[in-house]
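Chemist: Going down the list, the protein sequences come from chains A and B. For what it's worth, this note's numbering labels the leading residue of the first sequence as 1, then goes sequentially. For what it's worth, this note's numbering labels the leading residue of the second sequence as 1001, then goes sequentially. For each residue, glycine too, the CB sits at the ideal point set by N, CA and C. I have a structure I would like to understand better, so I am pasting it below and will then ask my questions one at a time.
Number of protein chains: 2
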Amino acid sequence: MSTDPTEAQFMKMLTFMKQPKQVLEIGMFTGYGAMAIAEALPADGKITSLDIDPYLKTWVEDVSKDFPEGAKHEIVVGPALDSLQTIEGKYDLVFIDANKAEYKAYVETLMERDLLAKDVMIIADNTLYVGYPMLSETYDTQPARRGFGDAVREFNAWVRDHPKLEQVIVPIRDGVSMIRLKCLSTSRPPLVKAAVA
Amino acid sequence: MSTDPTEAQFMKMLTFMKQPKQVLEIGMFTGYGAMAIAEALPADGKITSLDIDPYLKTWVEDVSKDFPEGAKHEIVVGPALDSLQTIEGKYDLVFIDANKAEYKAYVETLMERDLLAKDVMIIADNTLYVGYPMLSETYDTQPARRGFGDAVREFNAWVRDHPKLEQVIVPIRDGVSMIRLKCLSTSRPPLVKAAVA
Ligand SMILES: C[S@@+](CC[C@H](N)C(=O)[O-])C[C@H]1O[C@@H](n2cnc3c(N)ncnc32)[C@H](O)[C@@H]1O
Ligand SMILES: C[S@@+](CC[C@H](N)C(=O)[O-])C[C@H]1O[C@@H](n2cnc3c(N)ncnc32)[C@H](O)[C@@H]1O
C-alpha cells in the first residue's frame, strides 16, 4: 500500500532537513514516497529504491522519466535481502517499507555491509502495525496479520535494546520509527532519555 | 506545560538531522525541550531560548550549568515579541511554543527581521490544540481555551495559504507543525502536494 500525503510530506520535510546525497528506499510500490523524497533532494542527491516486483520498475520509470526527479531515481528489482548484498555506497537516509517480517534483517545487513553513513537517519514505516504489536491475539480481527504484528514487535524491541541504535516511534499514520546510530560524545546517560515503545 | 518524552526525542532526532548552528526556542518553561535539542547540537551549535518568566532563567541555568549542554544555551527574558526585536542572527531551527495567540506574529517578525536561514525548519507546537481549531464552540469543555483554539486555527490557515511557506502538521502529542520556506527550483507544482490542515 502506498504511503499517505501526510507521511509523504513528512518524509519530504525530513529530506529537506537532512539534505542527503544518497537515499535508500526498501519497498517502493508506485513511487509516491520515492518522489516525495526526490523532490526535496539537493542538486547532487540520488535515491535508490529496491522492490521485488519488476512491473513496478517499468511503470514508475515510465511515469517519472519526463520529470527532473526521474533522473535522480534508480530502481533495483529483486528481493530486498538479495539486493542489499549487491548495492554499494553510504546511505544518509534510509526508508524501510517492504516485508514487515524482514525489517530486522534489513538493518542488520545494512550495518554488516557498512552501508550506513555515520549520521544516517533510518525511517521505518508501519512500526505500530495497526496495534498488533501491542495487543493479544485475542483481539486479532485479521489473524493473517499476526505474523507481521509479532515481527514488528520484535523489531521495535530489538532496536530499543540495541547498544548502537536509538529510536523514537512517532504516531504518524501506521507508526513511523526514526532510528539513528548512537554517538553521544560523553559516556554519561543523556539528560533527556529516549522515549521508546 | 513541558513537552513530553516522545516529542522531546522527536526534536532531538530532528536536531541530529539538521545539525543547526543556531537554534531559537520561543517559550522554554523548565528547559526540557531546550536540553533535548542541546544534546543533539553539533560542537559549534548554540540554542537561544526566549521566556517571559525571569525565575525560569535562574532555575534552568542553575540546573544546567554543570553539563556541557548548559554552555550551549542562552536564555533571554521578556515577552517574546519584544525579544524578537532585539536578538540577532540567522536561525537554522526554530521551536515555537510560547503564547498560542502570538504564533503568527512570531513568524511574521522572524521573516520581517530576516532572522531565518534560507533552509530553516520551524517547529510549532500545539497546532492541533486539543482539537479546538477543528471543533465548534458547542463542544468547548474548557471555554477559556476557545481564544487560543481560534488563534491556532487562524495560524494554521495562514501558514497553509502563505506563498512563501510550506507545512505539514504531524499528530505527535498536541500536534506539531513542521514549516519551511518554499524554494522549489521549478515553477511547476510539486509532484507530491502538501498535506495541510
Ligand atoms: C508498503 S509498499 C511501499 C510503499 C512506498 N514506500 C511508498 O512510499 O508509497 C511495500 C512494497 O514492498 C515490496 N516488497 C514486499 N516484499 C519485498 C521484498 N522481500 N523485497 C523487496 N520488495 C518487497 C512490495 O512489492 C511493495 O511494492
Ligand atoms: C509550553 S511552555 C514551553 C515548553 C518548552 N518548550 C518545553 O519544551 O518543555 C510555554 C512557555 O512560554 C512562556 N511564555 C508564555 N507567553 C510568553 C510570551 N508572550 N513571551 C515569552 N514567553 C512566553 C511561558 O512562561 C512558558 O514557560
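Are the C-beta atoms of A/Lys-18 and some chain B residue less than 8 Å apart?
Modeler: At least one chain B Cβ lies under 8 Å of A/Lys-18.
Chemist: Which word fits B/Pro-1054, buried or exposed, when buried means at least 16 other C-beta atoms lie within 10 angstroms of its C-beta?
Modeler: So B/Pro-1054 counts as exposed.
Chemist: Per DSSP, what are the beta-bridge partners of A/Leu-24 in this structure?
Modeler: A/Thr-48, A/Val-94, per the DSSP bridge assignment.
Chemist: Would you list the residues sitting across from A/Leu-181 in a DSSP beta bridge?
Modeler: DSSP lists A/Leu-165 as partners of A/Leu-181.
Chemist: Ends of the beta strand (DSSP E) at B/Asp-1119?
Modeler: That run of the beta strand (DSSP E) goes 1116 to 1125.
Chemist: Counting only Cβ pairs nearer than 8 Å, list the residues of chain B close to A/Met-121.
Modeler: Neighbours of A/Met-121 on chain B, chain order: Met-1013, Phe-1016, Met-1017.
Chemist: Quick one: using the 10 Å Cβ neighbour count with 16 as the cut-off for buried, is A/Gln-85 buried or exposed?
Modeler: It is exposed - the Cβ of A/Gln-85 has fewer than 16 other Cβ atoms within 10 Å.
Chemist: Measure from the C-beta of A/Met-1 to each C-beta in chain B and report whether the shortest distance is under 8 Å.
Modeler: Chain B, which has no Cβ nearer than 8 Å to the Cβ of A/Met-1, makes this no.
Chemist: Based on DSSP bridge pairs, tell me the residues matched to A/Val-170.
Modeler: Paired residues: A/Val-176.
Chemist: Once the 5 residues before and after B/Thr-1015 are set aside, which same chain residues still bring their CB inside 6 Å of it?
Modeler: Same-chain partners within the cutoff: Ile-1037, Ala-1040.
Chemist: Can at least three beta-carbon pairs, one atom from the stretch 1057 to 1077 of chain B and one from the stretch 1092 to 1100 of chain B, be found at a separation below 8 Å?
Modeler: No: fewer than three Cβ pairs fall under 8 Å.
Chemist: With 8 Å set as the bound, which would you pick, yes or no: does the beta-carbon of B/Arg-1160 sit closer than that to a beta-carbon of chain A?
Modeler: Answer no: the Cβ-Cβ gap between B/Arg-1160 and chain A never drops below 8 Å.
Chemist: Once DSSP output is grouped into helix, strand and coil, what is the label at B/Glu-1074?
Modeler: If DSSP states are grouped into helix, strand and coil, B/Glu-1074 belongs with the strands.
Chemist: Is the beta carbon of A/Thr-127 sitting closer than 8 Å to the one on A/Ser-49?
Modeler: The answer is no: Cβ separation not under 8 Å.
Chemist: Please report the distance separating the alpha-carbon of A/Glu-74 from that of A/Ile-47.
Modeler: Cα-Cα distance, rounded: 6 Å.
Chemist: Buried or exposed: A/Thr-242, going by 16 or more other Cβ atoms within 10 Å of its Cβ?
Modeler: Absent from the model: residue 242 of chain A. The displayed extent of chain A is 1 to 197, so no value can be given.
Chemist: Counting only C-beta atoms, is B/Thr-1006 closer than 8 Å to chain A at any point?
Modeler: Chain A, which has a Cβ nearer than 8 Å to the Cβ of B/Thr-1006, makes this yes.
Chemist: Tell me whether A/Pro-79 counts as near ligand 1, meaning its Cβ is closer than 7 Å to at least one heavy atom of that ligand.
Modeler: At least one heavy atom of ligand 1 is nearer than 7 Å to the Cβ of A/Pro-79, so yes.
Chemist: Can you give me the Cβ contacts of A/Gly-27 inside the same chain, cut-off strictly under 6 Å, excluding the 5 residues immediately before and after it?
Modeler: Hits under 6 Å: Asp-97, Ala-98.
Chemist: I need the DSSP call for B/Leu-1128, collapsed to helix, strand or coil.
Modeler: Three-state DSSP puts B/Leu-1128 in coil, outside helix and strand.
Chemist: Whose Cβ in chain A lies nearer than 8 Å to the Cβ of B/Phe-1010?
Modeler: The answer, in chain order, is Val-168, Val-170, Met-178.
Chemist: Is A/Tyr-132 a contact residue of ligand 2, with contact defined as CB to any heavy atom under 7 Å?
Modeler: No, Cβ of A/Tyr-132 sits at least 7 Å from all heavy atoms of ligand 2.
Chemist: In chain order, what residues of the same chain lie with their CB nearer than 7 Å to the CB of A/Ala-195, ignoring the 5 residues before and after it?
Modeler: In this predicted model, A/Ala-195 has a pLDDT of only 46, less than 50, meaning its place in the structure is not dependable; the value taken from the coordinates is given anyway. Result list for A/Ala-195: Val-168, in chain order.
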